[in-house]
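For reference, the structure discussed in these notes is given below.
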Amino acid sequence: MPPEGALRLRPGEAGSAALAGEEDVPDLFVSRVELQAAFDQLLQPERFKDYGPNGLQVEGKPEIRKIISGVTASLALIEAAVAAQADAIFVHHGLFWRGQEGRVTGWMKQRLALLLAHDINLYAYHLPLDAHPELGNNAQLGLQLGLKADRYFGDNNLGFLGGRSGTAAGFDTAESLAGHIKEVLNRPVTLVGPAQSAIKNIAWCTGGAQGYFEDAIAAGADVFITGEISEPQAHCAREMGVAFIACGHHASERFGAPAVAAHVAARLGIAHTFVDIDNPA
């Protein structure tokens, strides 16, 4: 489920209608530089080698009163920010993707044109947002699912490994855990591998982290949770006897951006709203 108070939009849905009744833009503001410094201090992007720039990706107005957060800097999210009279957008997936060429055409032109026309700042943090031990995507997904990490694995300790927290509902097998994830995230999940084997050590890494599966197995996982599954992981799960659960790239990464943006906005005294643009991926 999205964070409390979040607004949910379907792709292509007008932001103005969804954001009707939004509170007036507050008088308190911070500078663009101050806001980036707060994000950088929290997320420490200098620690990560990423495929795209972390931090300010599009420069907008110098004074910021309201932030809109979301998973991806899609046209629909930018339209919602315009409707809300936001001065900044904070996302996990910015304008740049692995292997992308640098031409400003098509969807890139559309998004940039709207950001620049309304002088909106765009902040994006990819791996740093995954990795934050309390507010990041992995930590927040664990919180939603009732999982607590006590070990980490993979590059920059992006993979989390632990077990069920003391207050979590019972899930003793991969099948029962998959059912729990389906209920919490309100979407279908894919389970491959031993469904009925007892599980103790649960590993997870949000988004497109299927390549971390073998690292998770080496770290001692009985089951691995991520957003996506590719062809090789299905065979590996069956042959290694470790269950693999794919719960959706977007669905697994809906919690870090609003947690970080809300934390920073509260600290700086400015307004924040999370907008969840529905995505089946």
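Everything in the sequence shown is counted per our numbering, starting at 17 for the first residue and increasing by one.
Glycine included, every Cβ here is placed at the ideal spot set by N, Cα and C.
Leu157 and Thr206 have their C-alpha atoms spaced approximately 17 Å apart. In this structure, DSSP gives Asn173 a helical state, which the three-state scheme calls helix.
Excluding residues up to 5 positions away in sequence, Trp220 and Ile261 lie with their Cβ nearer than 6 Å to the Cβ of Ile241 in the same chain. Assignment of Leu138 by DSSP, reduced to helix, strand and coil, places it in the strand class. At least 8 Å separates the beta-carbon of Ala232 from that of Phe187. Nearest neighbour of Asn202 by Cα position, chosen from Asn295, Glu255 and Leu128, turns out to be Asn295. DSSP places Gly122 inside the alpha helix (DSSP H), whose first and last residues are Gly122 to Ala133. Taking a cut-off of 8 Å for Cβ pairs, the region 259-276 and the region 209-216 touch, as three or more such pairs fall below it. By alpha-carbon distance to Glu247, the top candidate from Gly272, Leu284 and Val208 is Val208. Collapsing the DSSP output to three states places Arg283 in a helix. Shown here, Val239 sits in a strand according to DSSP, grouped into three states. With contacts defined by Cβ atoms closer than 8 Å, Ala190 and Val239 form a contacting pair. The Cβ-Cβ distance between Leu91 and Leu130 falls below 8 Å. In this structure, Pro78 sits away from Asn70, with a CB-CB distance that is not shorter than 8 Å. Counting only runs of 3 or more residues that sit fully inside the region 80-112, the beta strand (DSSP E) segments are 82-88 and 104-109, in chain order.
The beta carbon of Pro149 is closer than 7 Å to those of Ala155 in its chain, skipping five residues each way along the sequence. Here His265 is buried, its C-beta having at least 16 other C-beta atoms within 10 Å. For Gly71, the enclosing beta strand (DSSP E) covers residues Gly71 to Val74. By DSSP's assignment, Tyr168 forms a beta bridge with Phe176.
Leu207 carries a strand assignment under DSSP once its states are collapsed to helix, strand and coil.
For Ile197, the enclosing alpha helix (DSSP H) begins and ends at Ala190 to Leu201. The beta-bridge partner set that DSSP reports for Ser47 consists of Glu79. Comparing C-alpha distances from Lys198 to each of Ala267, Leu132 and Phe112 shows the shortest one belongs to Ala267. The Cβ atoms of Lys164 and Ser181 lie closer than 8 Å to each other. With 16 or more other CB atoms across the displayed protein chains lying within 10 angstroms of its CB, Ala281 is buried. Counting only unbroken stretches of 3 or more residues, the beta strand (DSSP E) elements lying wholly within the region 255-282 are 259-262, in sequence order.
In the three-state scheme derived from DSSP, where H, G and I count as helix and E and B as strand, Leu163 is classed as strand.
Residue environment: Ser85 is assigned as buried (16 or more neighbouring CB atoms within 10 Å of its CB, all protein chains considered). Judged by beta-carbon spacing, Arg81 lies beyond the 8 Å limit of Phe106, meaning their Cβ atoms are not closer than that value.
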